[in-house]
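Following the numbering used here from start to finish, the sequence shown increments by one per residue and tops out at 296.
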Amino acid sequence: MRSGAGLAQAVRNGLVRMVDRSGRHPLVVVVLALLVAVLSVAATRAWLGIDTDTDHMFSSQLPWRQRSIQFDRVFPQFSDTLVAVVRAPTAEQARATAAQLARKLAADPRLFPSVATPGISPFFDREGLLLLSRHDLDSVLNRMLQAQPLLGPLALDPSARGLFGGLDLLVEGVRRGIDLFDCVAPTRMGRTGTAFTHAGRVNVRNARWRIDPRPLDSDCTCSTCQRFSRAYIRHLFVSDEVLGLRLLSLHNVHFLVSLMRAARDAIAGGDFDGWSRDWLSRYHSGSATTP
Ligand SMILES: [Zn+2]
Numbered sequence: 006m007r008s009g010a011g012l013a014q015a016v017r018n019g020l021v022r023m024v025d026r027s028g029r030h031p032l033v034v035v036v037l038a039l040l041v042a043v044l045s046v047a048a049t050r051a052w053l054g055i056d057t058d059t060d061h062m063f064s065s066q067l068p069w070r071q072r073s074i075q076f077d078r079v080f081p082q083f084s085d086t087l088v089a090v091v092r093a094p095t096a097e098q099a100r101a102t103a104a105q106l107a108r109k110l111a112a113d114p115r116l117f118p119s120v121a122t123p124g125i126s127p128f129f130d131r132e133g134l135l136l137l138s139r140h141d142l143d144s145v146l147n148r149m150l151q152a153q154p155l156l157g158p159l160a161l162d163p164s165a166r167g168l169f170g171g172l173d174l175l176v177e178g179v180r181r182g183i184d185l186f187d188c189v190a191p192t193r194m195g196r197t198g199t200a201f202t203h204a205g206r207v208n209v210r211n212a213r214w215r216i217d218p219r220p221l222d223s224d225c226t227c228s229t230c231q232r233f234s235r236a237y238i239r240h241l242f243v244s245d246e247v248l249g250l251r252l253l254s255l256h257n258v259h260f261l262v263s264l265m266r267a268a269r270d271a272i273a274g275g276d277f278d279g280w281s282r283d284w285l286s287r288y289h290s291g292s293a294t295t296p
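1. Quick one: measure Cβ to Cβ for Pro191 and Ser281, integer angstroms, because I've assumed they're closer than 8 angstroms.
2. Answer with buried or exposed for Leu241, where buried requires no fewer than 16 other C-beta atoms within 10 angstroms of its C-beta.
3. Following a CB-centred definition, is Phe260 positioned closer than 7 angstroms to any heavy atom of ligand 1?
4. Which parts of the stretch 204-283 are runs of the beta strand (DSSP E), unbroken and 3 residues or longer, counting only runs that do not cross its ends?
5. Would you say the beta carbon of His256 comes nearer than 7 angstroms to a heavy atom of ligand 1?
6. Can Ala96 and Thr102 be called in contact, C-beta distance under 8 angstroms?
7. Assuming Leu106 and Val90 make a contact with CB atoms under 8 angstroms, what is their CB distance in whole Å?
8. Taking all protein chains shown into account, do 16 or more other C-beta atoms lie within 10 angstroms of the C-beta of Ile74, making it buried, or fewer, making it exposed?
9. Name the two residues that bound the continuous beta strand (DSSP E) containing Ala200.
10. Can at least three beta-carbon pairs, one atom from the stretch 266-280 and one from the stretch 218-234, be found at a separation below 8 angstroms?
11. Since Thr319 contacts Ala104 with CB under 8 angstroms, what's their CB separation in whole angstroms?
12. Have a look at Val33 and Leu12 and give me their C-alpha separation to the nearest angstrom.
13. May I ask which residues mark the beginning and end of the alpha helix (DSSP H) holding Met194?
14. List the endpoints of the continuous alpha helix (DSSP H) containing Ala47.
15. In whole angstroms, what separates the C-alpha of Ile216 from that of Thr229?
16. Nearest CA to the CA of Ile183: which residue from Leu137, Thr49, Gly198 and Arg148?
17. On the criterion of 16 or more Cβ atoms from any shown chain inside 10 Å, does His30 qualify as buried, or is it exposed?
18. Identify which residue in Arg287, Leu252 and Glu246 has its Cα closest to the Cα of Gln231.
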C-alpha cells in the first residue's frame, strides 16, 4: 500500500513538473508536437496499409500459390479475373443460374468490364462432344446408346408421367444395369390419386370403385391393401380426407420397393428375363382398370 501511494505521488509530481515546464516553454511544446505529428504521418504512409488481395493471406511457397503466380506471369491479362463456380442439382439449373449471374454482372461494365460464361454457348451445345478426347467420346456415346431405350420415351414426355407412365421402364432399366432409382413420383402420384398395381395404374377417384370391396392390389402386402378397400380409399379422396393421400403414398412406395426386391430375387435366381417377361405381360394386361 505504501509503495503504491509513493508511486502515485511520484507520477503526480512528474506531471506537475512537466506541465509547469510546458507552460514556461510553449514554443518548444508546439514544435515537438508538430514533429511527432509529421513522424506519425510518415510512419503511417511507410508501414500501414490495407491489402485486399486475399492471395497474400497465403504463403507464396505453397504449391498452388506458386502455380497461381506463374499463371499470372504468363497470362497477365487474366490476373484480375474472378471465377464463380455455380453448383446446382442438375446441369440445366446450373447453366440457367450461370447465365442469369452473367447477365446481372454484365449490366455493370464499370465494375465488370468483361463477363464470360465458358462452355455456355450455342457453339458448345452443337459441337461440345467433338471437343472431348476420343476415349471420352467413346465412353459417352456408349452410355447414350445403352440408355436409349430409357431416354427415348423420356424425350417424348420428360415428366414424371414419362418416367412412370409405365413401370416397364423401371424393369427395362434394371435389365440395362441401372441399380438405383430415386423419384418423388410414388408419393406425388399417391397424392393425386394414382395407384401402381401389378395390372397397371389405377385412378382411385374413378366412380367405378364406388362400392368395390377389393384392395388396390390383391397381391400387395402393404398395410393399406391389407386393411382398406378401393371404395374406402376413393371415399377418402372424394371427401378430401388427407388420410387417403397417405394411404395411397404408402402403397405406392411399398409397391415399388417390392418390385425392386422381386427383380433382385429374379436376378439372384438367374431368371430375370422370364420374370420380367411375365411381370410386364401382366402389367400391360390392364386388368386393374376392369371392374
Ligand atoms: Zn398395397
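A virtual CB, placed ideally from N, CA and C, is assigned to each residue, including glycine.
Well, looking at it:
1. Between Ser281 and Pro191 the Cβ distance is about 20 angstroms, and since that is not below 8 angstroms, they are no contact.
2. buried
3. yes
4. 205-208
5. yes
6. no
7. Actually they do not touch by this definition, with Cβ atoms about 11 angstroms apart.
8. exposed
9. DSSP places Ala200 inside the beta strand (DSSP E), whose first and last residues are Thr199 to Thr202.
10. no
11. Not covered by the structure: residue 319. The range shown for the chain is 6 to 296.
12. 28 angstroms
13. Ala190 to Arg196
14. Pro31 to Trp52
15. The alpha-carbon atoms of Ile216 and Thr229 are separated by roughly 17 angstroms.
16. Arg148
17. exposed
18. Cα-wise, what sits closest to Gln231 is Leu252.
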